[in-house]
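Respectively, the protein sequence lines represent chains A and D.
Note that the working numbering has the first sequence beginning at 32, numbered continuously upward.
Note that the working numbering has the second sequence beginning at 56, numbered continuously upward.
Idealized CB from N, CA, C, for every residue including glycine.
Everything below concerns the one structure shown next.
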Amino acid sequence: MANIEPITGRYVWVPYEGTEYRIYFEEAGQGIPLVCLHTAGTDGREWRHQLCDPKINKNFRVIALDLPRHGKSIPPYDWYKEAEEYKLTSTFYAGIVMAFCKALGLEKTVIMGSSMGGNICLHLAERYENDLLALIPVEACEWSPGWHLDWLSHAHIHGGEVCATSVFGLMAPQSPDKYRWETWWYYSQGGPGIFKGDLYFYSFNHDFRGKTQKLSGKVPMYYMTGVYDFACTPEMTEEAARNTKNAECIIMEEIGHFPMSENPEVFNRYLYPVLDKILALK
Amino acid sequence: MFDMSWMKRWQDAVNANGPMNWIGKHFTADFLLGFGDKNFVVSFNKGKLVNVTDQIGPETCYQLAIRGPAESWKKFVQKVPPPMYNDLWAMAHPLHGRVTMEGDQKVLWQNMRAFFWALDRMREV
Numbered sequence: 032m033a034n035i036e037p038i039t040g041r042y043v044w045v046p047y048e049g050t051e052y053r054i055y056f057e058e059a060g061q062g063i064p065l066v067c068l069h070t071a072g073t074d075g076r077e078w079r080h081q082l083c084d085p086k087i088n089k090n091f092r093v094i095a096l097d098l099p100r101h102g103k104s105i106p107p108y109d110w111y112k113e114a115e116e117y118k119l120t121s122t123f124y125a126g127i128v129m130a131f132c133k134a135l136g137l138e139k140t141v142i143m144g145s146s147m148g149g150n151i152c153l154h155l156a157e158r159y160e161n162d163l164l165a166l167i168p169v170e171a172c173e174w175s176p177g178w179h180l181d182w183l184s185h186a187h188i189h190g191g192e193v194c195a196t197s198v199f200g201l202m203a204p205q206s207p208d209k210y211r212w213e214t215w216w217y218y219s220q221g222g223p224g225i226f227k228g229d230l231y232f233y234s235f236n237h238d239f240r241g242k243t244q245k246l247s248g249k250v251p252m253y254y255m256t257g258v259y260d261f262a263c264t265p266e267m268t269e270e271a272a273r274n275t276k277n278a279e280c281i282i283m284e285e286i287g288h289f290p291m292s293e294n295p296e297v298f299n300r301y302l303y304p305v306l307d308k309i310l311a312l313k
Numbered sequence: 056m057f058d059m060s061w062m063k064r065w066q067d068a069v070n071a072n073g074p075m076n077w078i079g080k081h082f083t084a085d086f087l088l089g090f091g092d093k094n095f096v097v098s099f100n101k102g103k104l105v106n107v108t109d110q111i112g113p114e115t116c117y118q119l120a121i122r123g124p125a126e127s128w129k130k131f132v133q134k135v136p137p138p139m140y141n142d143l144w145a146m147a148h149p150l151h152g153r154v155t156m157e158g159d160q161k162v163l164w165q166n167m168r169a170f171f172w173a174l175d176r177m178r179e180v
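Written as structure tokens, this is what we have:
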């Protein structure tokens, strides 16, 4: 009998700010919508283990989308005529995610994102608290400098290899090689300049220092960070969590910046209790 | 650790490594590696580590100098390195600065995959 996974993939056209975006998403399960946001420069494949985990998808409708310009989500049609290089901003990022949720008719959504997907959770809490049930910022902090580098989009440098190799050390040596190198593989496949453009948000546009304390706390936030993350260290996440009302901070041992894909068994064990708490919110 | 004998064993590990044959096909560069007060210039040619020397004089050329305390490198070369020491970019990232890099940074980024793979072989020495 064929070993077919429960994931299904579809496309949805999402209107946002006068443009229609063709967005690819994968989903599995039923229940509370749990929208998963990938890291910079890659796509929703990072979440395949959480999509397939029956302990997660029995109570949650797990949805992993590819942001425009990532994975199977094409750029806007006039991308090749843009006068400036691609730079992701918090306004577009938060807006397109919520427009995607609206297009699918999702209500009281839980959003879980890693790295830049974790950092955007702070902006989502600031701008869309009435539409969210909970947020799970993974590998998130208030400010994450040092990554918006021209080397990641340079005619003299192999973009795929350098994007993938520059993030490989963010993963823990204890994580299984097969999953670490799968994550490397995803990173090697981004469009030209997309990783760097995402990192404009990650290292410049996102700066929540002095703002985190002003979040109302209406949406509970469950910060989760691995000890091997040298871009967003546990101390950086702990600082953000201390400044967030109605927040918890979970530091994960023997795992790094891509917990969902580099070591899904370990990450999911940390995730189950968080999801149980969210279930109790309903 | 980090003497010529250790470096030669690292050189042998790099040159015996199968994937280096294709990962390093276009990797030709000279780097200075500084482990505390011990400095070596390592020369790669098409992915082979063809020369290691600690005889560094006015005629010795290299494109990039990577220097850090020996204590940082000792953590890096452990079989299971601790957090923040498991990768050269982890140690060199501006947030941490456990090693410094001076010179032609572009050569590093052009050859990052092969060079990092070669550095990982230090854990086999």
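So what does DSSP say about residue i, is it helix, strand or coil?
i                 : result
Glu181 of chain D : Since the first and last residues shown for chain D are 56 and 180, residue 181 of chain D lies out of range.
Leu318 of chain A : Outside the displayed range of chain A (32 to 313) lies residue 318 of chain A, so it cannot be described from this structure.
His64 of chain A  : Looking at the sequence provided, one finds Pro at residue 64 of chain A rather than His. Three-state DSSP puts Pro64 of chain A in a strand.
Ile78 of chain D  : helix
Ser60 of chain D  : helix
Lys139 of chain A : coil
Ser145 of chain A : strand
Val167 of chain A : The sequence given here places Ile at residue 167 of chain A; Val does not occur at that position. Here Ile167 of chain A sits in strand by DSSP.
Arg100 of chain A : coil
Ile94 of chain A  : strand
Gly123 of chain D : strand
Met252 of chain A : strand
Ala33 of chain A  : coil
Ala173 of chain D : helix
Ala21 of chain A  : Outside the shown range of chain A, which is 32 to 313, sits residue 21 of chain A, and nothing can be said about it.
Gly228 of chain A : helix
Gln288 of chain A : Residue identity check: residue 288 of chain A is His in the sequence provided, not Gln. DSSP places His288 of chain A in coil when its eight states are reduced to three.
Ala71 of chain D  : coil
Glu113 of chain A : coil
Val180 of chain D : coil
So which residues on chain D does residue i lean against when the C-beta distance must stay under 9 Å?
i                 : result
His69 of chain A  : Here the premise fails: no neighbours, minimum Cβ distance about 21 Å.
Trp182 of chain A : Gln160, Lys161, Leu163, Trp164, Gln165, Met167
Please list the partners that residue i has in chain D, where partner means a Cβ-to-Cβ separation under 8 Å.
i                 : result
Trp216 of chain A : None at all; the shortest Cβ gap to chain D is about 13 Å.
Ile188 of chain A : Lys161, Trp164, Gln165
Tyr192 of chain A : Reading off the sequence shown, one finds Glu at residue 192 of chain A, where the question assumed Tyr. Under the 8 Å cutoff, chain D gives Met167, Arg168.
Gly177 of chain A : His148, Pro149, Leu150
What does residue i touch in chain D if you count any residue whose Cβ is under 7 Å from its own?
i                 : result
His101 of chain A : By Cβ distance, chain D contributes nothing, its closest Cβ being about 22 Å from His101 of chain A, past 7 Å.
Trp174 of chain A : Those do not exist, as Trp174 of chain A stays about 10 Å from chain D at its closest Cβ, beyond 7 Å.
Thr196 of chain A : Met167, Arg168, Phe171
Trp78 of chain A  : Here the premise fails: no neighbours, minimum Cβ distance about 24 Å.
Val258 of chain A : Pro138
Tell me the DSSP bridge mates of residue i?
i                 : result
Phe99 of chain D  : D:Ala84, D:Leu104
Gly257 of chain A : A:Met283
Glu51 of chain A  : A:Pro46
Met146 of chain D : In DSSP, Met146 of chain D forms no bridge with anything.
Thr39 of chain A  : A:Glu58
Trp174 of chain A : A:Asp238
Asn94 of chain D  : D:Gly89
Ala271 of chain A : According to DSSP, which records beta bridges pairwise, Ala271 of chain A is partnered with nothing at all.
Ala278 of chain A : A:Met252
Should residue i be counted as a contact of the ligand SAM given a C-beta to heavy atom distance under 6 Å?
i                 : result
Asp142 of chain D : With respect to small molecules bound, the structure shown includes none, and the ligand SAM cannot be examined in it.
Applying a beta-carbon distance threshold of less than 7 Å, which residues of chain A neighbour residue i?
i                 : result
Met139 of chain D : Phe261
Trp77 of chain D  : Per Cβ cutoff of 7 Å: no residues; Trp77 of chain D is ~12 Å from chain A at best.
Ala68 of chain D  : Within chain A, no residue comes near Ala68 of chain D; the closest Cβ sits about 17 Å away, beyond 7 Å.
Going along chain A in order, which residues have a C-beta closer than 9 Å to the C-beta of residue i?
i                 : result
Phe86 of chain D  : Chain A residues near Phe86 of chain D: none, gap ~16 Å exceeds 9 Å.
Trp144 of chain D : Thr196, Ser197, Val198, Phe199, Gly200, Leu201, Phe261
Give the interface partners of residue i over in chain A, defined as CB-CB distance under 8 Å, in chain order.
i                 : result
Val135 of chain D : Pro204, Gln205
(Q) Counting only Cβ-Cβ distances shorter than 8 Å, please list the residues of the region 149 to 169 of chain D near chain A, keeping chain order. (A) Pro149, Leu150, His151, Gln160, Lys161, Trp164, Gln165, Met167, Arg168
(Q) Below 8 Å, how does it come out for the region 99 to 119 of chain D and the region 75 to 85 of chain D: are there three or more Cβ pairs, yes or no? (A) yes
Q) Which of the residues in the region 224 to 243 of chain A, read from start to end, lie with their CB under 7 Å from any CB of chain D? A) none
**Q.** Any 3 or more C-beta pairs closer than 8 Å across the region 214 to 227 of chain A and the region 183 to 201 of chain A
**A.** yes
Q) Should the region 56 to 68 of chain A be regarded as contacting the region 126 to 139 of chain A, the criterion being three or more beta carbon pairs within less than 8 Å? A) yes
Q. Does the region 142 to 152 of chain A come close enough to the region 285 to 298 of chain A to have 3 or more Cβ pairs within less than 8 Å?
A. yes
(Q) Taking contact to mean 3 or more Cβ pairs, one atom from each stretch, closer than 8 Å, check whether the region 293 to 307 of chain A and the region 131 to 140 of chain D are in contact. (A) no
Q: Check whether the region 155 to 173 of chain A touches the region 135 to 144 of chain A, counting contact only when three or more Cβ pairs, one atom from each stretch, lie closer than 8 Å.
A: yes
Q: Count the CB pairs spanning the region 111 to 124 of chain A and the region 165 to 176 of chain A that are closer than 8 Å, and state whether there are at least three.
A: no
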